[in-house]
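Peer 1:
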Amino acid sequence: MKPFTLVTPKTITEASSFLKKHGDDGRAIAGGTALVIMMNERVFNPEYLVDLRGLKPLRYVRLDKTRGLRIGSLTTHRMIEQSPIVAKRYPALKEAFETIGNVRIRNVGTIGGNLAYAEPQCNPPTVLSALDAEIIVSGLKGSRRIQAEKFITGIYETQLKPSEVITEIIVPPMPPKGSCKFLKFTSRSEEDKPTATVACFLQLDAKGVCKTARLTIGAVGPVIYRCGKSESILQGKPLSDQLLAEAADSCTDSVKALDDIYGSPWFKLEVSRVLMLRALKAAWKEVSS
Amino acid sequence: MEGGLIVKTSGLQEVKITVNGVKRLVPVKSNWTLLRLLRQGFGCNSVKEVCGIGECGTCTVIKDGKPVSSCIELAIRTNGSIIITAEGLAVGDRLHPVQQSFVEEGGFQCGFCTPGMIVMAKTLLDENPTPTLDEIKEYMAGNLCRCTGYWQIVSAIQKASERIAKTTASQPQRRNNRRL
Ligand SMILES: Cc1cc2nc3c(=O)[nH]c(=O)nc-3n(C[C@H](O)[C@H](O)[C@H](O)COP(=O)(O)OP(=O)(O)OC[C@H]3O[C@@H](n4cnc5c(N)ncnc54)[C@H](O)[C@@H]3O)c2cc1C
Ligand code: FES
Ligand code: FES
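Those sequence lines, one after another, are chains A and B.
Heads up, the final residue of the first sequence is numbered 289 in this note's numbering, and it's a clean run with no missing numbers.
Heads up, the final residue of the second sequence is numbered 1180 in this note's numbering, and it's a clean run with no missing numbers.
(1) Can you find at least 3 beta carbon pairs, one from the region 97 to 115 of chain A and one from the region 28 to 35 of chain A, that sit closer than 8 Å?
(2) Nearest-angstrom Cα distance between B/LEU1012 and B/PRO1027?
(3) Are the beta-carbon atoms of B/GLY1075 and B/VAL1015 separated by less than 9 Å?
(4) Along chain A, which residues have their Cβ under 7 Å away from the Cβ of B/LYS1066?
(5) With H, G and I counted as helix, E and B as strand and the rest as coil, what does DSSP make of A/ASP249?
(6) Straight-line CA distance for A/ILE85 to A/GLY109?
(7) To the nearest whole angstrom, what separates the beta carbons of B/PHE1161 and B/PRO1131, a pair I think is in contact under 8 Å?
(8) On the DSSP bridge assignment, give the partners of A/ALA28 in chain order.
(9) With a threshold of 9 Å between beta-carbons, can A/TRP284 be considered close to chain B, or not?
(10) Strictly under 9 Å for the Cβ-Cβ distance: is B/ARG1077 near chain A by that measure?
(11) At the 9 Å Cβ level, is B/MET1120 part of the contact set with chain A, yes or no?
(12) Please look up how many angstroms separate the CB atoms of A/SER272 and A/GLU164, rounded, as I've assumed it's under 8 Å.
(13) Taking the alpha carbon of B/ASN1143 as the point to measure from, which residue in A/SER129, A/LEU58, A/GLU190, A/VAL209 has its own alpha carbon closest?
(14) Please list the terminal residues of the continuous alpha helix (DSSP H) segment that includes A/SER138.
(15) What residue range is occupied by the uninterrupted alpha helix (DSSP H) comprising A/ILE85?
(16) Since B/ALA1141 meets chain A, which of its residues come closer than 7 Å, beta carbon to beta carbon?
(17) For a contact defined as C-beta to C-beta under 7 Å, what are the partners of B/GLY1052 on chain A?
(18) Grouping DSSP H, G and I as helix and E and B as strand, with all else coil, what is A/ASP241?
(19) With a CB to CB cut of under 6 Å and the five nearest residues on each side skipped, what residues in its chain are close to A/ILE146?
(20) Can you tell me which of the three DSSP states A/ASP192 falls into?
(21) Buried or exposed: A/VAL220, going by 16 or more other Cβ atoms within 10 Å of its Cβ?
(22) Verify whether the separation of the beta carbon atoms of A/ALA133 and A/ALA92 is less than 9 Å.
(23) Does the Cβ of B/ASN1177 have 16 or more other Cβ atoms within 10 Å, making it buried, or fewer, making it exposed?
(24) Buried or exposed: where does A/GLU149 fall if 16 or more other Cβ atoms within 10 Å of its Cβ makes it buried?
(25) Give me, in chain order, the residues of the same chain whose beta-carbon lies closer than 6 Å to that of A/PRO124; leave out the 5 immediate sequence neighbours on both sides.
(26) Select from A/THR212, A/LEU140, A/ALA245 the residue whose C-alpha is nearest the C-alpha of A/LYS20.
(27) In the DSSP output, what is A/LYS256 paired with across the bridge?
(28) Counting Cβ pairs closer than 8 Å, one from the region 1047 to 1060 of chain B and one from the region 274 to 288 of chain A, do we hit at least three?
(29) For chain B, is any of its Cβ atoms less than 9 Å away from the one on A/ASP51?
(30) From the DSSP output, in three-state form, read off B/VAL1047 for me.
(31) Quick check on the DSSP output: the beta strand (DSSP E) that includes A/PHE182 runs from which residue to which?
(32) Can you find a C-beta in chain A that's less than 9 Å from the C-beta of B/ASN1128?
(33) For B/ILE1072, which residues in chain A fall below 7 Å Cβ to Cβ?
(34) Using the C-alpha atoms, what's the distance from A/ALA248 back to A/LYS237?
(35) Using a Cβ-Cβ cut-off of less than 8 Å, list which residues of the region 1028 to 1049 of chain B approach chain A; keep chain order.
(36) State yes or no: is the C-beta of B/ILE1017 within less than 9 Å of the C-beta of B/LEU1037?
Right, here's the structure in full:
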């Protein structure tokens, strides 16, 4: 690791202006669980590290009646996993966070850091996209909201501008007769990075007809994929085992799988299909009970 | 200096840190990890580096009550922290219940993973004094051992849990003070 200078801003504006001023020479650090490894390997050699940990107000998990669940970007994975609100209203979110790496990583790594890191194998982007979450980022010209699904633009690439800091993640309220499921598959050991992550959100109307379906697949390719064709198979129809199977069969139609240590493209697509069917069945069971 | 910002220079920087009960002001370099500070600055050689990427758990230490991988913590960012390593668990000759149980159950062979396992098990029992088998496995999953096959480690933790329950039952005044 190359020596650097540590900067400890007290406000988001201070952090943004410092990041803007130093461009590529500056870099934000939250938990450091991804960045310190990359600095050790000299992938990044920032001259200035802008420590976000001092921004204490950004650590919270809160339920807002109209807007839904609000999570501060500096909230650790472990805080989300252990939040009673998350366990009760958003169990899929709990599942995604409690299966990140190991307890030590979850004690330190943050939700904002995970999203900005944008490694395809990360769990949260898949489930946040299915839940139609928004990511609030703040820069010198104020803040803007980005749909979780569109936030990641490539491997380790996001829509974030150099001076922008992620401040909050907002997950819409869980509607009645709505359910979300998250599943992942690891090919070597339980705590390994996944071959595939899938999430599905289903909402039925009073008559049991599928009102909304949002299906997402992560880890197999560079970005998060929405399964548009599967969603249109489900929407507007009463659900059945056969319809779910049909939807799962076409869920990987628009996915570009990469060949890597986590699996071959064929294997990843097959795993995604199987996981998606399981997730859909579980979600259907929950909404119809 | 930037307006309102504290810009620390990249030379040596003083950090106030409490390690195993001893509070010190130590000079660190910006690119030192907490692991390096603990080994070189405090002589805590129980803290070992294997993977250097947060996966194996041999470098586990307790930072402000929570287990962390010291190989990926920057020393410069630990100002004001309270650190406990395996060296800080025994009181004189009296081993911590987790250490005593590892000895009795044979929870190690080569011993390389043991300090990390022991501090991890201590925080597990601090957070959850009576864990189920699944809870033990889940919590300890990120600490790797190439020798034991894990079962002896699991039974050592179960035994430590019973031992701590007995001590707290016989000393009611210490019930609220499980962090021995
Ligand atoms: C052993 C191991 C196993 C892991 N397993 C998993 C897993 O199974 N699933 C999974 O999802 N993840 C996994 N991870 C990744 C882990 O979740 C990330 O390392 C973590 O979330 C990053 O958060 P951080 O706060 O430590 O970020 P940092 O390391 O501090 O930062 C990462 C990047 O994000 C930027 N950044 C941080 N915060 C912000 C912000 N608020 N605004 C703008 N930019 C910001 C930094 O500049 C940097 O580029 C694993 C990591 C390790 C080391
Ligand atoms: S050396 Fe730190 S986790 Fe392996
Ligand atoms: S006792 Fe040898 S690695 Fe665990």
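Backbone N, C-alpha and C fix where the C-beta goes; we use that ideal spot for every residue, glycine too.
Computed from a predicted structure; not experimentally measured.
Peer 2: This is what the structure gives:
(1) Yes: the two stretches touch, three or more of their Cβ pairs being nearer than 8 Å.
(2) Approximately 6 Å between the Cα atoms of the pair.
(3) Reading off the sequence shown, one finds Ala at residue 1075 of chain B, where the question assumed Gly. Using a Cβ distance threshold of 9 Å, B/ALA1075 and B/VAL1015 count as a contacting pair.
(4) Contact annotation for B/LYS1066 against chain A: ASN107 [CB-CB distance below 7 Å, chain order].
(5) It is helical.
(6) Rounded to whole angstroms, A/ILE85 to A/GLY109 spans 20 Å at the Cα level.
(7) The identity of residue 1161 of chain B in the sequence shown is Ser, whereas the question assumes Phe. At roughly 7 Å, the Cβ-Cβ gap stays under 8 Å, so B/SER1161 and B/PRO1131 are in contact.
(8) Beta-bridge analysis with DSSP links A/ALA28 to A/VAL50.
(9) Not closer than 9 Å to any Cβ of chain B, the Cβ of A/TRP284 fails to qualify, so no.
(10) Interface criterion met: the Cβ of B/ARG1077 is under 9 Å from a Cβ in chain A.
(11) Yes, its Cβ sits closer than 9 Å to a Cβ of chain A.
(12) The Cβ separation is near 31 Å, so there is no contact.
(13) Of the listed residues, the one whose Cα sits closest to B/ASN1143 is A/GLU190.
(14) Careful: A/SER138 lies outside any alpha helix (DSSP H), inside the beta strand (DSSP E) at 134 to 139.
(15) Note, A/ILE85: alpha helix (DSSP H), 84 to 89.
(16) Correct list: ASN102, GLU190, GLU191.
(17) Listed by position along chain A, the residues whose Cβ is nearer than 7 Å to that of B/GLY1052 are ASN40.
(18) In this structure, A/ASP241 counts as helix in the three-state DSSP scheme.
(19) Cβ neighbours of A/ILE146 beyond the five flanking positions: ILE135, GLN159.
(20) Reduced to three states, the DSSP call for A/ASP192 is coil.
(21) Residue burial is scored here from C-beta neighbours: A/VAL220 has at least 16 other C-beta atoms within 10 angstroms and is therefore classed as buried.
(22) Not closer than 9 Å, so no.
(23) With a pLDDT of 47 at B/ASN1177, under the threshold of 50, the predicted position of this residue should be treated as unreliable, though the coordinate-derived value follows. B/ASN1177 comes out exposed.
(24) Residue environment: A/GLU149 is assigned as buried (16 or more neighbouring CB atoms within 10 Å of its CB, all protein chains considered).
(25) Cβ neighbours of A/PRO124 beyond the five flanking positions: ALA96, ASN114.
(26) The option with the nearest alpha carbon to A/LYS20 is A/LEU140.
(27) In DSSP, A/LYS256 forms no bridge with anything.
(28) Contact between the region 1047 to 1060 of chain B and the region 274 to 288 of chain A is absent: fewer than three C-beta pairs spanning the two stretches fall below 8 Å.
(29) Yes, its Cβ sits closer than 9 Å to a Cβ of chain B.
(30) For B/VAL1047, the secondary structure class from DSSP, reduced to helix, strand or coil, is coil.
(31) Residues 178 to 185.
(32) Taking a beta-carbon distance threshold of 9 Å, B/ASN1128 does not count as an interface residue toward chain A.
(33) What B/ILE1072 touches in chain A: GLY32, THR33, VAL36, ILE37.
(34) Separation of A/LYS237 and A/ALA248 (C-alpha to C-alpha, rounded to the nearest whole angstrom) is 15 Å.
(35) Of all residues in the region 1028 to 1049 of chain B, LYS1029, SER1030, ASN1031, THR1033 have a Cβ within less than 8 Å of some Cβ in chain A.
(36) Between B/ILE1017 and B/LEU1037, the CB-CB gap stays under 9 Å.
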